[in-house]
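The listed protein sequences derive, respectively, from chains S and Y.
Each residue of the first sequence is one higher than the one before, counting from 1 in the working numbering.
Each residue of the second sequence is one higher than the one before, counting from 456 in the working numbering.
Below is one structure, written out as structure tokens; comments come after it.
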Amino acid sequence: MDRGARTPAGRAIDLLLANPARSVLTGFAAFITLGTLLLRLPIAHEEGQSTDLITALFTATSATCVTGLVTVDTATHWSAFGEGVILALIQVGGFGVMSAASLLVLLLGRRLTGATSILSQAESRAVEHEEARFVLRGIARVTLLVQGVVAIALFLRFWLGYDMPVGQAAYHGFFHSLSAFNNAGFGLRADSITPWAQDPLINLPLMAAVMIGGIGFPVLWGLRRHLFRVGRWSVHMLVTVWVSVFLWVAGALAFAVFEWTNPKTLGALSPGGRVMASAFQSVVARTAGFNSVSIGDLHPETLLTLDALMFVGGGSAGTAGGLKVGTFALLGFVIWAELRGEPTVHAFHRRLPSATIRQALTVALLSVGGVATGTAGLLIATDAELDAVLFEAVSAFATVGMSTGLTPELGVGGQLIVIGLMFFGRLGPITLGAALALRNRPRRYEVPEERVLVG
Amino acid sequence: MARYDVAVLGLGRFGSALAMELEQAGVRVLGVDTDERLVQSLADDIRHLAIAEAHDVETLEQLGITPDTLCVLGMTDIEASLLILTSLNSLGVKEIWAKSGSSQHTKALSRLGATRIMQPEREAGLTMAGELIDRQAKG
């Protein structure tokens with residue numbers, strides 16, 4: 001036995017690698033259960049409120065899966081203790097999903113490429129544990145650094161710009177910073193951050209936290225090493241960064257064009273404020289889920305644009321949810337190669353392995369199926385229109401947390417569907433990706449080809 | 456129950472003719488060969504085909520061969536024929552029929568436990584000799 005296996009972290013790593021899907025799912029389920037129990041305690045809610053089981057379960061799932069959908073108003077329903085529980089769940093959920101995904105990427109990558117084959121099994125396990133600790137430390141550092149800086153920036157603005165008492169300003173700064181970095185989108189007001197829609201000193205720190213948390217640890221790590229040497233970037237970094245930038249810009253443009261004259265949303269703001277709100281809404285759609293304008297008053301075409309942005313989501317092994325930028329981009333490269341009649345799929349002068357392409361297809365199509373099933377279920381469970389229901393389902397599945405206002409009106413059945421969407425939307429793509437990558441039992445035979453007609 | 460009644464390993468002229476005939480007779484037959492183009496060319500006539508180097512037990516198991524499958528070794532290559540026969544024995548396959556190319560091959564096959572061995576050239580030669588002798592006797 002090597003030293004690493006006896007520490008709790010070492011055991012957790014061994015467990016994670018032995019069966020990634022099961023350990024990640026049970027880990028999250030355990031935290032959701034714990035959160036539900038804590039939120040049910042009488043000290044978790046304000047006096048005069050009461051918390052039933054489904055509300056506690058919904059809130060705990062939403063926090064742990066860093067979604068941000070709420071059936072009760074966070075600030076008025078929950079006590080300081082309750083909000084503390086929610087913050088802790090968000091932190092655990094965000095850190096948990098980021099580190100689990102990063103470790104799987106790192107360690108599976110090593111095992112699949114056989115990079116450790118010259119080492120004995122005990123030696124390679126020691127190396128794995130060493131690297132895993134290194135990654136966990138890195139994630140913890142990034143988390144503390146970004147959350148700290150953003151919290152201080154927000155605190156100063158709330159304190160100096162809005163005459164909040166020091167304590168309240170500090171709490172607002174801390175809460176929103178943590179919620180933003182973990183892409184949770186929980187706010188302290190029923191109308192999220194609408195009052196500060198035109199304030200760049202609130203918007204920009206929040207957007208920065210959402211972007212950094214959502215782009216994923218592998219990209220952050222790569223950026224740290226080769227920030228200004230784009231030539232050294234890995235294909236994953238290039239794809240994630242450029243497609244993210246494209247989606248941020250395109251989403252903001254589409255949002256601005258569709259909503260510019262809507263008096264209930266952008267129309268009420270100054271021209272500068274409209275640009276700010278468009279950019280903000282495009283960034284947080286992937287997949288933080290604050291809102292600086294009223295989502296319920298958006299045009300249907302805007303909702304559909306946001307649906308698409310939410311569904312794509314953020315970078316792999318980050319706090320963002322959704323399909324992930326890399327998965328989405330891979331499918332784009334496949335289409336491009338097919339249209340040009342090329343035998344293999346290339347991206348940035350590298351060939352993409354066909355196994356990766358099949359994984360991307362599997363994750364994407366199962367996600368579409370999940371959202372469609374959830375939408376159908378919600379349509380049965382509520383009286384709302386398709387656009388609101390689809391938005392709710394995508395928001396839950398991609399763990400965004402924006403809502404047209406449907407969430408508080410959901411009955412128990414509808415809430416259970418949303419809970420399921422949040423849980424499997426948060427963990428499905430990661431665990432499925434890892435499980436698919438691990439299933440590499442080589443097939444020792446092949447069968448003859450036969451074509452099925454396509455199109 | 457076994458997935459296949461008969462597995463034909465090696466789909467040359469001998470093996471492919473055998474497999475096609477069995478297929479048409481409604482026997483559940485699996486055809487295996489290492490040559491991808493050969494296997495592909497039989498795809499229209501035989502339902503269950505596989506491209507594999509079936510030398511080891513793991514591959515044979517993955518192909519769905521069980522102790523109850525009757526296996527026919529259709530290849531002339533002595534090395535491949537004997538290696539597969541050994542693996543089939545390890546797997547516990549009860550009936551193994553084999554084609555042989557020479558009398559030494561026949562000897563080796565029978566030592567390793569093949570249950571029925573056919574040496575087509577020799578048997579065809581003997582058959583033809585029989586016909587000729589009949590004709591001589593009549594004339």
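For glycine and all other residues, C-beta sits at the position ideal for the given N, C-alpha and C.
Would you mind telling me which residues of chain Y sit closer than 7 Å to residue i, beta carbon to beta carbon, in chain order?
i: residue 443 (chain S); result: 517
How about residue i and residue j: do their beta carbons lie closer than 8 Å?
i: residue 491 (chain Y); j: residue 506 (chain Y); result: yes
i: residue 398 (chain S); j: residue 375 (chain S); result: no
i: residue 60 (chain S); j: residue 43 (chain S); result: no
i: residue 465 (chain Y); j: residue 530 (chain Y); result: yes
i: residue 493 (chain Y); j: residue 484 (chain Y); result: no
i: residue 68 (chain S); j: residue 185 (chain S); result: yes
i: residue 254 (chain S); j: residue 274 (chain S); result: no
i: residue 541 (chain Y); j: residue 564 (chain Y); result: no
i: residue 327 (chain S); j: residue 259 (chain S); result: no
i: residue 426 (chain S); j: residue 321 (chain S); result: yes
i: residue 402 (chain S); j: residue 295 (chain S); result: yes
i: residue 182 (chain S); j: residue 94 (chain S); result: yes
i: residue 444 (chain S); j: residue 513 (chain Y); result: yes
i: residue 554 (chain Y); j: residue 522 (chain Y); result: no
i: residue 352 (chain S); j: residue 333 (chain S); result: yes
i: residue 86 (chain S); j: residue 101 (chain S); result: no
i: residue 388 (chain S); j: residue 362 (chain S); result: no
i: residue 235 (chain S); j: residue 350 (chain S); result: yes
i: residue 293 (chain S); j: residue 194 (chain S); result: yes
i: residue 190 (chain S); j: residue 73 (chain S); result: yes
i: residue 103 (chain S); j: residue 13 (chain S); result: yes
i: residue 70 (chain S); j: residue 90 (chain S); result: no
i: residue 552 (chain Y); j: residue 577 (chain Y); result: no
Could you work out which residues of chain S lie near residue i, taking near to mean beta carbons separated by less than 9 Å?
i: residue 543 (chain Y); result: Correct list: empty, because the minimum Cβ distance to chain S is about 15 Å.
Name the chain S residues whose beta carbon is nearer than 8 Å to that of residue i?
i: residue 504 (chain Y); result: 447, 448
i: residue 410 (chain Y); result: The first residue shown for chain Y is 456 and the last is 594, placing residue 410 (chain Y) beyond what the model contains.
Listing by chain order, which chain S residues have their CB less than 7 Å from the CB of residue i?
i: residue 494 (chain Y); result: 448
i: residue 513 (chain Y); result: 444
i: residue 498 (chain Y); result: 448, 450
Locate the alpha helix (DSSP H) running through residue i, then write down its first and last residues.
i: residue 389 (chain S); result: 386–397
i: residue 562 (chain Y); result: 558–566
i: residue 172 (chain S); result: 166–181
i: residue 457 (chain S); result: Coverage of chain S is limited to positions 1 through 455, which leaves residue 457 (chain S) absent and any answer about it impossible.
i: residue 77 (chain S); result: 74–77
i: residue 358 (chain S); result: 354–381
i: residue 507 (chain Y); result: Taken as a continuous stretch (DSSP letters only), residue 507 (chain Y) belongs to no alpha helix (DSSP H), being part of the beta strand (DSSP E) at 503–507.
i: residue 40 (chain S); result: 20–40
i: residue 572 (chain Y); result: No alpha helix (DSSP H) contains residue 572 (chain Y), which is instead part of the beta strand (DSSP E) from 571–573.
i: residue 159 (chain S); result: Careful: residue 159 (chain S) lies outside any alpha helix (DSSP H) and carries neither H nor E.
i: residue 332 (chain S); result: 325–339
i: residue 203 (chain S); result: 200–215
i: residue 272 (chain S); result: 271–284
i: residue 495 (chain Y); result: 491–496
i: residue 61 (chain S); result: 53–64
i: residue 475 (chain Y); result: 468–479
Find the nearest neighbour of residue i within the set the options, judged by alpha-carbon distance.
i: residue 188 (chain S); options: S:197, S:172, S:201; result: S:172
i: residue 421 (chain S); options: S:190, S:267, S:403, S:373; result: S:373
i: residue 461 (chain Y); options: Y:537, Y:474, Y:545; result: Y:474
i: residue 150 (chain S); options: S:205, S:130, S:183; result: S:205
i: residue 469 (chain Y); options: Y:480, Y:534, Y:488; result: Y:488
i: residue 538 (chain Y); options: Y:560, Y:518, Y:524; result: Y:560
i: residue 448 (chain S); options: Y:528, Y:458, Y:496, Y:571; result: Y:496
i: residue 519 (chain Y); options: Y:498, Y:499, Y:543, Y:532; result: Y:543
i: residue 457 (chain S); options: S:271, S:383, S:127; result: Since the first residue shown for chain S is 1 and the last is 455, residue 457 (chain S) is missing from the structure and cannot be characterised.
i: residue 98 (chain S); options: S:381, S:442, S:137; result: S:137
Let's see if you can read the secondary structure: which residues bound the beta strand (DSSP E) around residue i?
i: residue 488 (chain Y); result: 484–488
i: residue 528 (chain Y); result: 525–528
i: residue 462 (chain Y); result: 461–464
i: residue 554 (chain Y); result: 551–554
At a cut of 8 Å, does the segment 34–52 of chain S reach the segment 71–83 of chain S through at least three beta carbon pairs? Yes: at least three Cβ pairs fall under 8 Å.
Count the C-beta pairs between the segment 422–432 of chain S and the segment 340–358 of chain S that are closer than 8 Å, then say yes if the count reaches three, no if not. Remark: fewer than three beta-carbon pairs, one from each stretch, lie closer than 8 Å, so the segment 422–432 of chain S and the segment 340–358 of chain S are not flagged as touching.
The segment 52–66 of chain S contacting the segment 412–421 of chain S, beta-carbon criterion three pairs below 8 Å: Output reads yes: the segment 412–421 of chain S touches the segment 52–66 of chain S.
Take every Cβ of the segment 206–222 of chain S, pair it with every Cβ of the segment 312–328 of chain S, and state whether three or more of those distances are shorter than 8 Å. Contact between the segment 206–222 of chain S and the segment 312–328 of chain S is present: three or more C-beta pairs spanning the two stretches fall below 8 Å.
Could you check whether the segment 213–222 of chain S touches the segment 240–250 of chain S, counting it as contact only if at least three pairs of C-beta atoms, one from each stretch, sit closer than 8 Å? At 8 Å Cβ cutoff, the stretches touch.
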